[in-house]
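2 protein chains.
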Amino acid sequence: MTKPPLIRFKDSQIELAHGAGGKASRRLVEGLIAPILGNPSLDDAALLSLGGAGLAFTADSFVVKPLRFPGGSIGELAVNGTVNDLAVSGAQPVALLSTLILEAGLSVQVLQAELEAIQQAAQTAGVQVVGGDTKVVEHGKADGLYISTSGVGLLDLRVRLSAASVRPGDQVLLSGPIGDHGITILLARGELDLEADLKSDTRSVWPFVQALITAAAPGLRWMRDPTRGGVATALNELARDTRLAIRLLEERVPIRDEVRGACEILGLDPLHIANEGQFLAIVAPEYAEAALEAVQAVPGGAEARLVGEVVESPAGVVYSATGYSSSRVVDMLVGDPLPRIC
Amino acid sequence: MTKPPLIRFKDSQIELAHGAGGKASRRLVEGLIAPILGNPSLDDAALLSLGGAGLAFTADSFVVKPLRFPGGSIGELAVNGTVNDLAVSGAQPVALLSTLILEAGLSVQVLQAELEAIQQAAQTAGVQVVGGDTKVVEHGKADGLYISTSGVGLLDLRVRLSAASVRPGDQVLLSGPIGDHGITILLARGELDLEADLKSDTRSVWPFVQALITAAAPGLRWMRDPTRGGVATALNELARDTRLAIRLLEERVPIRDEVRGACEILGLDPLHIANEGQFLAIVAPEYAEAALEAVQAVPGGAEARLVGEVVESPAGVVYSATGYSSSRVVDMLVGDPLPRIC
Numbered sequence: 184m185t186k187p188p189l190i191r192f193k194d195s196q197i198e199l200a201h202g203a204g205g206k207a208s209r210r211l212v213e214g215l216i217a218p219i220l221g222n223p224s225l226d227d228a229a230l231l232s233l234g235g236a237g238l239a240f241t242a243d244s245f246v247v248k249p250l251r252f253p254g255g256s257i258g259e260l261a262v263n264g265t266v267n268d269l270a271v272s273g274a275q276p277v278a279l280l281s282t283l284i285l286e287a288g289l290s291v292q293v294l295q296a297e298l299e300a301i302q303q304a305a306q307t308a309g310v311q312v313v314g315g316d317t318k319v320v321e322h323g324k325a326d327g328l329y330i331s332t333s334g335v336g337l338l339d340l341r342v343r344l345s346a347a348s349v350r351p352g353d354q355v356l357l358s359g360p361i362g363d364h365g366i367t368i369l370l371a372r373g374e375l376d377l378e379a380d381l382k383s384d385t386r387s388v389w390p391f392v393q394a395l396i397t398a399a400a401p402g403l404r405w406m407r408d409p410t411r412g413g414v415a416t417a418l419n420e421l422a423r424d425t426r427l428a429i430r431l432l433e434e435r436v437p438i439r440d441e442v443r444g445a446c447e448i449l450g451l452d453p454l455h456i457a458n459e460g461q462f463l464a465i466v467a468p469e470y471a472e473a474a475l476e477a478v479q480a481v482p483g484g485a486e487a488r489l490v491g492e493v494v495e496s497p498a499g500v501v502y503s504a505t506g507y508s509s510s511r512v513v514d515m516l517v518g519d520p521l522p523r524i525c
Numbered sequence: 184m185t186k187p188p189l190i191r192f193k194d195s196q197i198e199l200a201h202g203a204g205g206k207a208s209r210r211l212v213e214g215l216i217a218p219i220l221g222n223p224s225l226d227d228a229a230l231l232s233l234g235g236a237g238l239a240f241t242a243d244s245f246v247v248k249p250l251r252f253p254g255g256s257i258g259e260l261a262v263n264g265t266v267n268d269l270a271v272s273g274a275q276p277v278a279l280l281s282t283l284i285l286e287a288g289l290s291v292q293v294l295q296a297e298l299e300a301i302q303q304a305a306q307t308a309g310v311q312v313v314g315g316d317t318k319v320v321e322h323g324k325a326d327g328l329y330i331s332t333s334g335v336g337l338l339d340l341r342v343r344l345s346a347a348s349v350r351p352g353d354q355v356l357l358s359g360p361i362g363d364h365g366i367t368i369l370l371a372r373g374e375l376d377l378e379a380d381l382k383s384d385t386r387s388v389w390p391f392v393q394a395l396i397t398a399a400a401p402g403l404r405w406m407r408d409p410t411r412g413g414v415a416t417a418l419n420e421l422a423r424d425t426r427l428a429i430r431l432l433e434e435r436v437p438i439r440d441e442v443r444g445a446c447e448i449l450g451l452d453p454l455h456i457a458n459e460g461q462f463l464a465i466v467a468p469e470y471a472e473a474a475l476e477a478v479q480a481v482p483g484g485a486e487a488r489l490v491g492e493v494v495e496s497p498a499g500v501v502y503s504a505t506g507y508s509s510s511r512v513v514d515m516l517v518g519d520p521l522p523r524i525c
């Protein structure tokens, strides 16, 4: 499979959109970072064979604002985000490292609360925080605290995931309602005159992935956690990498009324909104029902749905079949409606 | 070996000194971070047995200011710092992840130069950058860019390092001249009316460690790279952990005239100044000469010296024997003469 030619990165300075997970991020990563570092897998966990063990290895930075929000906080996000990167690469998360960049003047109470959130989330996810590092910068040179987390996981030998294994007819499984995290953060900033009874979906998806592997390993082709850029961006990347199309059955995509309402008012597409506790899986058709049942049987998985299908064409495109025999193209996120979402 | 009781952390807000690597850092880590995360090895690489492989796993953040300085830059530091943490844990560095926190408005030229520095340093050190992540924060919420690097290495089965294996009579090996990095950064800020023909010592120490392991593995007890807090802090931590004393032969410690001169003018102790390309090793006496010769035989190792010895008492103390039969206690770094040194 030949990848399409790399985008050229021509911008002269970094903008917030370069961190939003959509087209600008992709341009930065594929047009500048990946060519220099000579590395094709900057988005996903890296898979390594080391001393005879099959490992996944991943790292993320977290700069979410505000630090605490309904349903979670930066510390919890930093654990679950890294755990989920490992999980969707088919690896059982084992150990984490967390590095902190603290702003001088940060309240120790705030730091303590985030350390406790890290520890609590790690315990819930069944991983150990085995080390880390702390740096301090002057007041005004960070925003409270930033966390970088890296994680190592043990690859489950029953699965072999790759975009290259995806075939027309494969089904798209989505683990639950979308947009909760992004809209929660947006509202938590208090800049909009909008309230909703909503909280972040931050959680470890490993229990769901584990159930999915047990039920449907031979039919499991590809997984991704649709964080920055949302479901639309993750599926567009898949469509592009496979040169196939995704037919999304939009009416099956679970979206809470609060998220739908906020998106309508703000002119956002829920498919572009970040999630922190969901995943997408591409499953061979003969395993799709078993996969869905397995995910639904895990507590918190009842709202999982099969939301689409891989089709031949138009190559590289995600489109939504609306149910009225019309359809619309679902593009990647462009611009940055939601800076510092994770 | 029972560790002394943990220090209690009573500060109400974070100060720059908490990031300087000396006593305040130690109080933060041992009094707050480690108790909450339930983790005794926050300073060093964590050792894991995973899928039958013995691995070392480490992470650091880099916030050095300025981004570029004589002899190196933040990107090069981010690679070598992580590589060296793995090396001194007795592991061959294999793979790195690098996460970037970029400030909106950062020049892409600056970013590109640091990506190239990362790639060049990784190549020189024989490791691969296998992944990463990029976040962007608003202008004024970072200082150009911060980098967090994590690394995984394969433990060399010939060595088993621990403070608990250190015995009176063991020799202290130092790989080369101290203080170059810290003084270079201090002068590069241009805030002092001082110039010197000096550059950072940033480099991978793995070639030296590898030679040391080959020549003296059975006698190799403990290693550490004396970064923030310098040689004095690293040896004080060893003295404390072993409840033994270190007799430092200060006249044998290699220090360039430029570093000595700058320290005299600024009232700093070279033993407290950060290094980014040196390491300390504790070696059983019968292996000390072979160890020294092995390190000296590696290009860049000619200035390695045996600079001291482990003795029984006074327990927990590092002292300098000055050669005039007098001696002085060499304490850990207190306060923060050099913020954002790495």
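Chains as they are written, first to last, in my numbering: chain E, 184 to 525; chain X, 184 to 525.
The beta carbon of each residue, even a glycine, is placed where N, CA and C say it ideally should be.
Just so we're clear, the structure is a prediction, and the values are computed from it rather than from any experiment.
Minimum Cβ-Cβ distance from residue i to chain X less than 8 Å
{"i": "E:Y329", "result": "yes"}
{"i": "E:E495", "result": "no"}
{"i": "E:P325", "result": "It is Ala, not Pro, that sits at residue 325 of chain E in the sequence shown. It does; some Cβ of chain X falls within 8 Å."}
{"i": "E:I368", "result": "no"}
{"i": "E:L260", "result": "no"}
{"i": "E:L211", "result": "yes"}
{"i": "E:T185", "result": "Any reading at E:T185 needs caution, since the residue's pLDDT is 43, under 50, leaving its predicted position unreliable; the model's value is listed next. It does not: the Cβ of E:T185 has no partner Cβ on chain X nearer than 8 Å."}
{"i": "E:I216", "result": "yes"}
Residues that DSSP places opposite residue i in a beta bridge
{"i": "X:L279", "result": "X:V312, X:G334"}
{"i": "E:I429", "result": "E:V493, E:V501"}
{"i": "E:A441", "result": "In the sequence under discussion, the amino acid at residue 441 of chain E is Glu, which differs from the Ala named in the question. Answer is none; E:E441 lacks a bridge partner."}
{"i": "E:I257", "result": "E:I257 is not bridged to any residue."}
{"i": "X:V355", "result": "X:I465, X:G491"}
{"i": "E:R407", "result": "E:L463"}
{"i": "X:L230", "result": "X:A239"}
{"i": "E:S470", "result": "It is worth fixing the name first, because residue 470 of chain E is Tyr in this sequence and not Ser. Paired residue(s): none; E:Y470 is not in a bridge."}
{"i": "E:R511", "result": "E:S503"}
{"i": "X:A274", "result": "X:L338"}
{"i": "E:S244", "result": "E:S331"}
Listed by chain order, chain X residues near residue i by CB distance under 7 Å
{"i": "E:K529", "result": "Only positions 184 to 525 of chain E appear in this structure, which leaves residue 529 of chain E out of reach."}
{"i": "E:G518", "result": "Those do not exist, as E:G518 stays about 13 Å from chain X at its closest Cβ, beyond 7 Å."}
{"i": "E:R523", "result": "V320"}
Neighbour flag for residue i against chain E, beta carbons, 8 Å
{"i": "X:V313", "result": "yes"}
{"i": "X:S530", "result": "Nothing in the structure corresponds to residue 530 of chain X, since chain X is present only between 184 and 525."}
{"i": "X:L375", "result": "no"}
{"i": "X:I219", "result": "yes"}
{"i": "X:N222", "result": "yes"}
{"i": "X:L344", "result": "no"}
Residue i: contacting residues in chain E (beta-carbon distance under 9 Å)
{"i": "X:D194", "result": "V291"}
{"i": "X:I190", "result": "Per Cβ cutoff of 9 Å: no residues; X:I190 is ~14 Å from chain E at best."}
{"i": "X:E198", "result": "A287, G288, V319"}
Helix, strand or coil at residue i [DSSP, three-state]
{"i": "X:G202", "result": "helix"}
{"i": "X:E321", "result": "coil"}
{"i": "E:G237", "result": "strand"}
{"i": "E:F391", "result": "helix"}
{"i": "X:I216", "result": "helix"}
{"i": "X:D384", "result": "coil"}
{"i": "X:T185", "result": "Because X:T185 carries a pLDDT of 43, less than 50, the predicted location of this residue cannot be relied on, and the following value inherits that uncertainty. Three-state DSSP puts X:T185 in coil, outside helix and strand."}
{"i": "X:L294", "result": "helix"}
{"i": "E:I301", "result": "helix"}
{"i": "X:E476", "result": "helix"}
{"i": "E:E374", "result": "coil"}
{"i": "E:R423", "result": "helix"}
{"i": "E:E286", "result": "strand"}
Residues that residue i contacts on chain E, provided the C-beta gap is smaller than 8 Å
{"i": "X:V490", "result": "Ordered by position in chain E, no residue passes the 8 Å Cβ test against X:V490, which lies about 27 Å from the chain."}
{"i": "X:V335", "result": "L231, L233, L238, F240, V335"}
Listed by chain order, chain X residues near residue i by CB distance under 8 Å
{"i": "E:A229", "result": "A278, L280, V313, G314"}
Chain E contact residues for residue i, given Cβ-Cβ distances below 7 Å
{"i": "X:A236", "result": "L233, G234, G235, A236"}
Inset, instruction - May I ask you to list, following chain order, the residues of the segment 294 to 306 of chain X that have a beta carbon less than 7 Å from some beta carbon of chain E? - result: Residues of the segment 294 to 306 of chain X with a Cβ closer than 7 Å to any Cβ of chain E, in chain order: L294, Q295, L298, E299, I301, Q302.
Legend entry - Residues from the segment 263 to 285 of chain E in contact with chain X, defined by Cβ distance under 8 Å: Flagged, chain order: V277, A278, L280, S281, T282, L283, I284, L285.
Legend entry - Positions along the segment 377 to 406 of chain X whose CB lies within less than 8 Å of some CB in chain E: Result list empty, no residue passes.
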